[in-house]
Amino acid sequence: MAGDTRNGTPQAAPDGAPAHTLVISDLVVETRGREPRRILDGVSLHVAPGETVCLVGESGSGKSVSSLATMGLLPKDALTVRSGVIEVEGEDVLSASPKRLRQLRATRMSMIFQEPMTALNPVLSIEKQLDEVLDAHSAATGTERRKRIRDILELVRLPDIERMCRSFPHQLSGGQRQRVMIAMALILEPKLLIADEPTTALDVTTQKAILELVADIQKRLGTSVLFITHDMGVVADIADRVYVMRHGRIVEDGPIGSILREPKKDYTRDLLASVPALSPRPARPATSAEIVLQTSQLTMVYGRPSFFRKGEGTVAAKDIDLVLKRGRTLGIVGESGSGKSTVARCVMRLLDPTGGSIRLRNREIADVSRRALRPHRKRMQMIFQDPNRSLNPRLTVGESIIEGPINYGVDPDSARNKARSLLETVGLPADAIDRHPHQFSGGQRQRIAIARALALEPDLLVADEAVSALDVSVQAQVLDLLDDLQARLGVALLFITHDLRVAAQICDEVAVMQKGRIVECGPTGEVLGNPAEAYTRQLIDAAPGRFWDFPNFRPLAGAHEPSRQDVMVEPAR
Amino acid sequence: MLAYILRRILASIPVMIVVALFIFLLLRLTPGDPAAIIAGDMATPAQLAEIRRNLGLDQPLLTQFVTWSGQLLTGDFGQSLISRTPVLTLIGQRLEPTLSLAIVSMIMTLILSIPMGVLAAWRHRSLTDSAVMAISVLGFSIPIFVTGYILIQVFAIDLKLFPVQGFTSISEGIGPFLQRIFLPALALATIYIALIARMTRAAMLNVLGEDYIRTARAKGLSERIVLFRHALRNAAVPILTVIGTGFALMISGVVVTESVFNVPGLGRLTVDAILARDYPVIQALILLTSGIYVAVNLLIDVSYAFMDPRIRY
Amino acid sequence: MAEHPSTAATGPGAKPVVRRNFLPRIGVRGLGLAAWIAAFALALVVLMALFAPLLSPYDPIAMNPMERLADWSLAHPFGTDAYGRDVFSRTLYGARTSLIVGLGAALVAVLIGLPLGLLSGFFRTLDAILMRIMDGLMAIPAILLAIAIVALVGSSLWTVLVAITIPEIPRVVRLVRSVVLSAREEPYVEAAITVGSSLPKIMWKHLAPNTVAPLIVQATYVCASAILTEAILSFLGAGIGTETPSWGNIMSEGRIYFQLKPSLIFWPGLFLSITILAINILGDTARDALDPKLGKRRQD
Amino acid sequence: MSFIAKASAFHPRHLLRATLLASTLLGAGLAASPLQAQEIRAVMHSGIRVLDPVITTAHITRNHGYMIYDTLLGMDENLEPQPQMADWQVSDDGLTYTFTLRDGLVFHDGAPVTAADAVASLKRWGERDGGAQMMFRSIESLEATGDKTFELKLSEPFSTVLQLLAKPSGLPTFIMPARVAETPSSESITDYTGSGPFVFDESQFEPGVRAVYTKNEAYVPRDEPPSWTAGGKVVNVDQVTWVVMPDAMTAVNAVGSGEIDFMEQTPYDLLPLLEANPELTVEVLSPLGYQTMARLNWLNPPFDKVEIRRAAMAALGQDPILAALVGNPQYQEKCGSMYGCGTPLATDAGSELIMNGPQPEEAKRMLEEAGYDGTPIVLMQPTDVPSIAPQPVVAAQLLRQAGFTVDLQPMDWQTLVTRRASQAPVSEGGWNMFFTNWIIPEVWSPINNPMLNGGGKEGAWFGWPDDPKLDEMRANFAAAESEEERKTIAADIQAHAYEVVNYIPVGEYKIPSALSNKLTGMLEMPVPVFWAVEKAE
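Those protein sequences? They're chains D, W, A and S, same order as listed. Residues 1 to 573 (the UniProt record's numbering) are what the first sequence spells out, left to right. Residues 1 to 313 (the UniProt record's numbering) are what the second sequence spells out, left to right. Residues 1 to 300 (the UniProt record's numbering) are what the third sequence spells out, left to right. Residues 1 to 537 (the UniProt record's numbering) are what the fourth sequence spells out, left to right.
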């Protein structure tokens, strides 16, 4: 049954054995316990020397499990390999002894992980963490090891290497940490590098730099890369070949070009269709002149000096001027730490801004007391990033939705009736009202959160990274829903996102933030189509797969075909 | 860091004032009359009153408190009402046994409990894990005086390996010292071993699920290095915390152990002083133990920074 | 914290955060054998305590000085103590006292600690004052405090209970406070703020339930340690009076006969250890089942 | 013993192994480390804390007094006063006593003992001791008449001057340097210079841990053989160390293992352990023993009524109380004499009610007649003093059987001694009943028996009987000329005291001591002393 996916032929099998750096055939992984559940169901794939293979799929598709199985790192008490073969450079790793497996790691196969924040040991210095790889696998002397460490850190283009060596992970930026991870993985020049979502947690500009680095080193060392990602944009940028996974099986595989242009399976097509393109939405005519939200000189400074604390404090947002009209969507985009969420939380008065004004329907709310704020609260509502956490897991869906209306004096019965119809509005069955959030998927939970926000009939909806935690297919649906609701209810939407492509899909106007300030603001088409600021351009350039029009299975008009070479010649940032 | 320590010390001043005031009031409101202890069974009420006046116990509470705290500020802890010995001399005499007991017991605890906890976490849900947990839960479930009696019966009386009771100063040689301190320290350590082994296991279980442990394994490091270099150091903070809060547990353990093994330490001094209503001694001792408790926990907070470079004060 | 929450988990590839926030849902199947045995033993002890008057052959305080320190016999399954009282009956009634002390301490500590912790977690000014007082209370060695309190009010069951409970309160307050401090950052609490819920409502509906799981775990430890502390207080002569038999004072009165009549200390000791063992095992089970992160949370 | 098996089941194997290993390393096996030659290590009945033998009547402080001080007179085993530091002459009218100090008496600091020192010490003693207070009311003057002689002049006849000066317990006449004796009697002394057979080593004193006494090389003993506190105090050891062991179990183990040479009071129930040890001797050193008694509060109902006090006496009985307290016929004795049995004044006058107890039915009847309204009796129980803890528990049961309502209140001894001083009603912290113990020499005459004082709220001992008749009888006793007369008056006093239920003696007991067989020649007397005794190498 998995045989039909083994049709890909290695593109560049060099002469001489082994033909493949990695071969996985018919791998079956199950959960442990009395009623085993299949996590991987006959997965087969191979990676040729020097090749970059992308394993793409949504959450829960089993792509990470495949890589962990290869490294012999499956959580022993939870998962077990039922059958199948995994060979690295011809050696069977499934039947290898623990000792042999340890020897293979870092020398033949290496892995880098998604969260560079947590994947490095926080209490050991960078040098120590690199050194112990050499210590475990080579007989090199101290001097040799020190030199090797500095060489590899140079290779991954880290600045100020001596300081780096002494540093601890928390003292580095996310990108630097991921470079350290790469250095650690490659210090013994293994033939296989498995990269499990290595750039997902990074900002786009950093992501771009890391992708370039991987490609560059791969070329120099001839490493084979198995790259696991959910992001079709990334796939389009780096892959030689692609495996699409779903529910523990390989759905489709093939060279990058054919997958993107001629996907054979419905799932692949759907996946590609829901990838947001960087092309701005067509401009909408303004429906109302009524200003729902206006901020001026809004400023938020953390940690102002006190008796025990000297210094200036951290400026999270400064002089933010925004105007949002009824029925319109204003996007705030920026990388992590740019202050976009601070602005959202100030607007919601979850934070008390340290300066400036916030006017909600022409009423000043920036400095009113909590009590005086209460009547205004129902006029603005928020959708949070993580639907797993923004719904109280102990309350039923209904209880969560009617909490607000009851606070404002609606009687419980009519509030419940309203909740039912709201649930239907957001595309859920009315009987969902008595269930608990954990019985729903992430996308459904976000719909519930939207229903809750709408229950108070707000004029302003603030969505803080509201689709970032969702799979692309779900993401597209939620964006559609928001758009639809806006059209029907005329609510104004303040949309916070780090993802330019998402912003392009939904926003009428976009404000680009950097280091707490707005660097550029204007209609989406203008800002994204013809950026005035270098920073905006930089962001746009870094967006993965920006040359490809995924939903239409073709390159974007006017853009040239993406290629790996194209990525590689870009200078590192 | 220095500023942090300074700030913490400043912050502990109100704590100590709360302690001092609380103890003072509690004691003075407690029925009991040191004069009666001094005078014995035959004294008449008039004689008692005379002795009380002599000790200044007839003064209003506030006056007594002001006098006492005034003396404290000059470093004068007063003298025992009963034996007229300066309180500091009394404490000085009893410090070594208690410190020895606490330190030896702590060393035993660390030697035994940390490997136990690490092992249990590493072999999570195995027989070893269950065994380690059973031992430590058992250690937690037997009153310390029973543990003490059993140890005495088995090791001192039946096997004649150790003396039954008492304390020998370390100045009389390390051998005799260890020989006397071994059983009481072991009795005292049982609860602590249980506590720390459990905490170590729990903290290690947490840490072993972290990404960097997976990274360490992916680097092909041996399990020993993964466990002790990577996991244990990261698990140190909660373990240290429990060592700090468990210190309070140790104090109550010390009181009992000192009685059972007749170790002439501070614990016994405190109980004697409470039973005799020897106010200056009780006040000084509780202030001292509270001070030590606060200091130990400050020390532990500071040591976090050495265990975990992310923590900066 | 340089990282902003908005990047904590981006992208659909992020692993779903598994949160076990729900009320204790320990499935029957989830319990290990040890937990089963523990639950059974505890149930037995509770039944013993409940039906002590029916089960005991003698009045636990009726003495017969002529028949003191009797060995095991059919009439006295556990022998008699120094007053000639039936140790079996005393042990049964002792279960009552010890359980009252244990459960009482846990309950009272939670009842007082929960509101204080909730308030402390929410109001900074109150927090500063309350925490200094709690620090002070915590710094005073519990056993010494207990001795002093028992000396102050006399040694009845209730004063011993109070004396044992007071030192436990700061721990509960700190626990609740720490849970509140972390839970109030949860988006669903912010969501409740944005829908205009009042502070008491937020505390009660959204924050308090978070404390249930850790409190259950903490309560088992308070319970176990209260029973032990009662025994230690008895040992030090500051325990419950002999007319209210407790395992602690039976053992304490019998400890001098340790070598001659081990049964005096063995039986109550056995019940005490089994009970505490059972409570501890259940507490551990509850912790493993409820909150794997509890151990990581610093106490302060 | 089965404990080994049980214990190793309790503890993991590795623990055992570690322990064995550690002990081998330590070269263990010598359970008893070699003691310093000629040192006697003793566990006394309690720890010594108060070092002033005049300010307190605590027995341990008295014992301490006998170590480092000499007494003016001694008392021999026939209860006869004998010269110790001084000899005496009595004038024909019996009103003037002349004392002459013997030669060779030197304080530890080298100064000779003078008559002035003796006079100052006696005066301080006279302010504290109950009997002495009574005597001093009859003293006209007490003055030194020379370096070695002093004179005591009575204003009226007082029959027991020598008995008081020689009494071995309560407050004996310890002689201190005048500078020390000038300390007010309500203030503890801080200078522990004496002239006794041992020197107190202040540097090694740790209250609650140990007290160390070294041989006084300068001490010149009398030539007579020792007999109680009379005769020569010849010290045969270099040092005596009193070790405090709060846990009786630990002390018994320590004696058993040879770490301790002498344990003054052994718990009866542990005697089998000690008796089975061939290296130990268990014997009663104090031939007179102890009296245990109940005191009722005359101020508070229901014991303000003599009928109800009598009912309580009928309800109690010596047998059950002694059984709970001692439980060993060898060491307990029913005794109806308030002056102790086997003493010169011993009598059973008026003791029928308590000697025939417990009589619950009789007591019930008496209660009914007295119209007892069920007022609860607050009976105080000290939980931390093993020798007084059981009596109230048994009494509570006996009283309840007789129809009393009893509120048995456990507390520590300190709370008890404070509370018993309260004359307030029960609702305001007062009390109805408590128990305590005396050694016989403390109660053996109407003069020094603290209970036999009818001074009421001001003058009497706790319980405050207001009984002028009793005080009158005591005065007669003090003035009595002959032994016969004294005996008669004492019997009358006792009969009267029983009639009004001044207090209720509930039996006598003796406490065995445990001695290492290395010790020989330990004196049998009411006070444990460490002269005469020898210790084998």
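Even for Gly, the Cβ is constructed at its ideal location relative to N, Cα and C.
Residues of the segment 388-403 of chain D with a Cβ closer than 7 Å to any Cβ of chain A, in chain order: N388, R389, S390, L391, N392, P393, R394, E403. Interface residue (Cβ-Cβ distance to chain S less than 9 Å): E230 of chain A is not classified as such.
Among the CB atoms of chain A, none fall inside 9 Å of the CB of D434 of chain D.
When Cβ pairs closer than 8 Å are counted between the two stretches, the segment 405-416 of chain D is seen to touch the segment 194-209 of chain A, the count reaching three or more. Excluding residues up to 5 positions away in sequence, L74 lie with their Cβ nearer than 7 Å to the Cβ of L68 of chain D in the same chain. Residues of the same chain with a CB within less than 7 Å of the CB of R180 of chain W, apart from the 5 flanking positions on each side, are P163, G166, F167, T168 in chain order.
For R224 of chain W, the closest Cβ of chain D is not nearer than 9 Å. When secondary structure is reduced to three states using DSSP, A102 of chain W falls in the helix class. A Cβ-Cβ separation of about 38 Å leaves Y331 of chain S out of contact with K457 of chain S under the 8 Å criterion. Where F150 of chain S is concerned, the enclosing beta strand (DSSP E) starts and stops at 149-154.
Close partners of A139 of chain A in chain W (Cβ separation under 7 Å): V15, V19, S290, Y293, V294.
Of all alpha-carbon atoms in W:T85, W:A20, W:I193, W:A202, the one lying nearest the alpha-carbon of M108 of chain W is that of W:I193. Residue pairing by DSSP puts Q291 of chain S in a beta bridge opposite S:W438, S:E508. Contiguous beta strand (DSSP E) elements confined to the segment 435-474 of chain D occur at 460-464, taking only those with 3 or more residues. In this structure, the CA atom of S279 of chain D is about 20 Å from the CA atom of V474 of chain D. Nearest to A20 of chain W by alpha-carbon distance, out of W:V281, W:V302, W:I311, is W:V281. Closer than 9 Å to the CB of A140 of chain D there is not a single CB belonging to chain A.
A Cβ of chain A is located within less than 9 Å of the beta carbon of A324 of chain S. The Cβ neighbour count for P60 of chain W, taken over all protein chains shown within 10 Å, is under 16; the residue is labelled exposed.
No residue range can be given for I48 of chain S, since it is assigned to no beta strand (DSSP E) and is classified by DSSP as neither H nor E. DSSP places C346 of chain D inside the alpha helix (DSSP H), whose first and last residues are 340-347. Shown here, W242 of chain S sits in a strand according to DSSP, grouped into three states. Taking C-alpha positions only, K264 of chain D is separated from N552 of chain D by approximately 14 Å. Using a CB distance cut-off of 9 Å, T109 of chain W does not count as an interface residue toward chain A.
Taking a 10 Å sphere around the C-beta of P226 of chain S, we find 16 or more other C-beta atoms and assign the residue as buried. The shortest CA-to-CA distance from T215 of chain W to any of D:E115, D:E533, D:V333, D:T31 is the one to D:E115. In chain order, Y149, Q153, I157 make up the part of chain W whose C-beta sits under 9 Å from the C-beta of Q259 of chain A. Considering only S:D373, S:L322, S:W413, S:T415, the residue with the shortest C-alpha distance to Q391 of chain S is S:L322.
Counting C-beta pairs with one atom in each stretch, the segment 188-208 of chain W and the segment 102-121 of chain D have fewer than three that are closer than 8 Å, which means they do not touch.
Out of D:R261, D:I506, D:M71, the CA that lies nearest to the CA of A476 of chain D is found in D:I506.
No Cβ-Cβ contact shorter than 9 Å links L322 of chain D with T354 of chain D. If you look at M250 of chain W, you'll find it isn't in any beta strand (DSSP E); it sits in the alpha helix (DSSP H) that goes 232-260.
By the 16-neighbour rule on beta-carbons within 10 angstroms, I174 of chain W is exposed.
Rounded to the nearest angstrom, the Cβ distance from L161 of chain A to V101 of chain A is 6 Å, consistent with a contact under 8 Å.
Here the C-alpha atom of I17 of chain W lies approximately 15 Å from the C-alpha atom of Q64 of chain W. Collapsing the DSSP output to three states places V443 of chain S in a helix.
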